[in-house]
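Report on the structure given below.
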Amino acid sequence: MDNGTPREAVNLPLKVAVELAHALAQHIASERGIRVVFIKGPIANHHGLRPERVSSDVDVLVDPTRFDDYVAALEIYGWQRRPGSAAHEAFVTHSVSLANSGWPLDIDVHHAYPGVFASDMQLFEVVWRNRTFMEIAGRPITIADFDTSLLIAVLHSLRSMYFSRQQQEYHWAVEAVQAHYPTVAERSSLISLVQDLGCEEPLVPFLTDIGLPVTAPDTPSAEYLRWKVKSTELNRAASWLLLISEASGAARLRFMVRAVFPTRRDLELDHPTAADGVGSRARLRVRRALAAISALPAAIRIVGEARDERQPSVVARMSPRTTATGLVQAAAKPSVPEVVASTDYSEDRVPVLKERRGRDGSFLSLKRADAVAYVEGTCTYVLGLSAAPSRLAPIVLTGTAHELWVAIEVPTTLNAVVTDIADRTGLPDSSLRESIDSFFVHLAHLSVVERG
Numbered sequence: 037m038d039n040g041t042p043r044e045a046v047n048l049p050l051k052v053a054v055e056l057a058h059a060l061a062q063h064i065a066s067e068r069g070i071r072v073v074f075i076k077g078p079i080a081n082h083h084g085l086r087p088e089r090v091s092s093d094v095d096v097l098v099d100p101t102r103f104d105d106y107v108a109a110l111e112i113y114g115w116q117r118r119p120g121s122a123a124h125e126a127f128v129t130h131s132v133s134l135a136n137s138g139w140p141l142d143i144d145v146h147h148a149y150p151g152v153f154a155s156d157m158q159l160f161e162v163v164w165r166n167r168t169f170m171e172i173a174g175r176p177i178t179i180a181d182f183d184t185s186l187l188i189a190v191l192h193s194l195r196s197m198y199f200s201r202q203q204q205e206y207h208w209a210v211e212a213v214q215a216h217y218p219t220v221a222e223r224s225s226l227i228s229l230v231q232d233l234g235c236e237e238p239l240v241p242f243l244t245d246i247g248l249p250v251t252a253p254d255t256p257s258a259e260y261l262r263w264k265v266k267s268t269e270l271n272r273a274a275s276w277l278l279l280i281s282e283a284s285g286a287a288r289l290r291f292m293v294r295a296v297f298p299t300r301r302d303l304e305l306d307h308p309t310a311a312d313g314v315g316s317r318a319r320l321r322v323r324r325a326l327a328a329i330s331a332l333p334a335a336i337r338i339v340g341e342a343r344d345e346r347q348p349s350v351v352a353r354m355s356p357r358t359t360a361t362g363l364v365q366a367a368a369k370p371s372v373p374e375v376v377a378s379t380d381y382s383e384d385r386v387p388v389l390k391e392r393r394g395r396d397g398s399f400l401s402l403k404r405a406d407a408v409a410y411v412e413g414t415c416t417y418v419l420g421l422s423a424a425p426s427r428l429a430p431i432v433l434t435g436t437a438h439e440l441w442v443a444i445e446v447p448t449t450l451n452a453v454v455t456d457i458a459d460r461t462g463l464p465d466s467s468l469r470e471s472i473d474s475f476f477v478h479l480a481h482l483s484v485v486e487r488g
């Protein structure tokens, strides 16, 4: 019988991490009574809004009244806010990203969403009202429904249609809604959702492309002005220009200085590999300055055109007939190695646990604890949700360890497990009992198995 010792998954495969992190994020919210709805990523896959692919993070929309509570709860579990440069803090205001050194992804916690102009509270209540569920890593997860996920996917694509990937994802979303709602009459149910979310203006191209009537306001909103600037630029020059123009007094001066003369910290955060050393930082500052100078004419044009749209007398604003293709014409993470390192779970490292045993020394019962598991080939990755936050880490079970985990899929006894493994391996019960017993002691210590 091979070594059945559980091992800590130190370099978690991204596909596995996405599954387990969604389950963990849901568990943390549920334990504290915090309402959350997961969006994007595997939820978009689930609804058929794009071809199946592995996401690079977890996106979760949180009840705005509990936003700080939820972030604080994630921090207890070792997730820490990613530090942001002045530019990041100024322009990424809809969410915060949290990272954990033991996981190859971020958890992005949203209180708002770009392109949704309704209040944060209204956004959440609308999404919560339309929530549904899917299973991730064997756990029910609260997710946005098809219609909401569709609009989120479209808004995400329209933010940067100058990238070919976003253009492709936009076309996939259009195809998905046409397949889901074959007739224009069926698609008309989307109109009320668009209005509830306050995203009529940015979705004009999409609504036009799927044949729905569009009524754009005579004077575009200030929120749409900012949206259009950010969805038209390839860099942050126009956003800086708009931010400076809208500020006054000391704030305007501060923004001008940070835009032109970023601090060393800003350089290192925005360019972690290119800002190493005095010489590298000096060259980087020169490159940034030259790029800003070359981008300035386009930035002035972008901001000017966006401001012109706010003038009712200007006819050149976005027409209801504008399509996403027209926007494209106008706008002109490495894989994670599946490496597993052994962790010493020898008997002298495992605390002595008092447990009820049968007369023959076997556990009276064995069952899986509050844990989530994801099977990848012949490996099972397990996360014990009832473990203390400081001890919570995914483990990987391979070989016999994987077989033993499968053996307790339903509550059972140690005797039954030993007998089952003996029958399959041809080995005598007496030679298996001690190692199997030790294995379940390890899993109990990791809070993934309960004994009774």
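Counted the way this note's numbering counts, the sequence shown spans residues 37 to 488. Just so it is clear, CB atoms sit at the ideal spot from N, CA and C, and this is done for glycine as well.
| Asked | Found |
| --- | --- |
| The beta strand (DSSP E) enclosing P78, as first and last residue numbers | Premise fails: P78 lies in the alpha helix (DSSP H), P78 to H82, not in any beta strand (DSSP E). |
| 4 or more residues per run - each alpha helix (DSSP H) lying fully within the region 216 to 260 | 220 to 223, 225 to 233 and 240 to 245 |
| CA-to-CA distance, F476 to A443, given in whole angstroms | 12 Å |
| Own chain residues within Cβ distance below 6 Å of A212, not counting five before or after | G84 and L85 |
| Residue environment, L233, which counts as buried when at least 16 other CB atoms sit within 10 Å | buried |
| Alpha carbon of T449 to alpha carbon of F153, nearest angstrom | 56 Å |
| Distance, Y260 Cα to T129 Cα | 15 Å |
| Residue span of the alpha helix (DSSP H) that contains H438, given as start and end | T436 to A443 |
| Where H146 sits in the DSSP three-state scheme | strand |
| Touch test, the region 421 to 438 against the region 96 to 114, Cβ-Cβ under 8 Å, three pairs minimum | yes |
| Environment of R487 [buried if 16+ CB atoms lie within 10 Å] | buried |
| Reduced DSSP secondary structure (H/G/I, E/B, other) of D406 | coil |
| Of the residues I79, A61, V90 and P241, the one placed nearest D105, counting alpha carbons only | A61 |
| Reference L159, options N451, A148 and R118, closest by Cα | A148 |
| I457, DSSP secondary structure in three states | helix |
| S483 and A405 closer than 7 Å at C-beta | yes |
| Opposing strand residues paired with V54 [DSSP bridges] | For V54, which the question treats as bridged, DSSP gives no partner whatsoever. |
| M157, DSSP secondary structure in three states | helix |
| Cα-Cα separation, V73 to H58 | 11 Å |
| A189 and A80 closer than 7 Å at C-beta | yes |
| F169 - partner residues in DSSP beta bridges | T178 |
| Inter-stretch contact (C-beta, 8 Å, three-pair minimum) for the region 198 to 208 and the region 89 to 105 | no |
| Distance, D95 Cα to P49 Cα | 18 Å |
| Assigned exposure category for E439 - 16 Cβ within 10 Å defines buried | buried |
| Contacts around R407, its chain only, beta-carbon distance under 7 Å, and the 5 residues preceding and following it disregarded | Position check: residue 407 holds Ala in this sequence, whereas Arg was assumed. V418, L419, G420, L421 and V484. |
| Cα-Cα separation between T255 and W263, rounded to whole angstroms | 15 Å |
| Residues bridged to Y417 [DSSP beta-bridge criterion] | Y410 and V432 |
| Short Cβ contact (7 Å threshold) for V132 with V145 | yes |
| Identity of the residues DSSP links to V132 by a beta bridge | V145 |
| Buried/exposed call for T414, threshold 16 Cβ in 10 Å | exposed |
| Cross-strand partners of E205 (DSSP beta bridge) | Note: E205 sits in no beta bridge, so no partner. |
| Three-state secondary structure (DSSP) of F74 | strand |
| Buried versus exposed, by CB contacts within 10 Å (16 or more), T436 | buried |
| Local conformation of T101 per DSSP, three classes | helix |
| For T184, three-class secondary structure by DSSP | helix |
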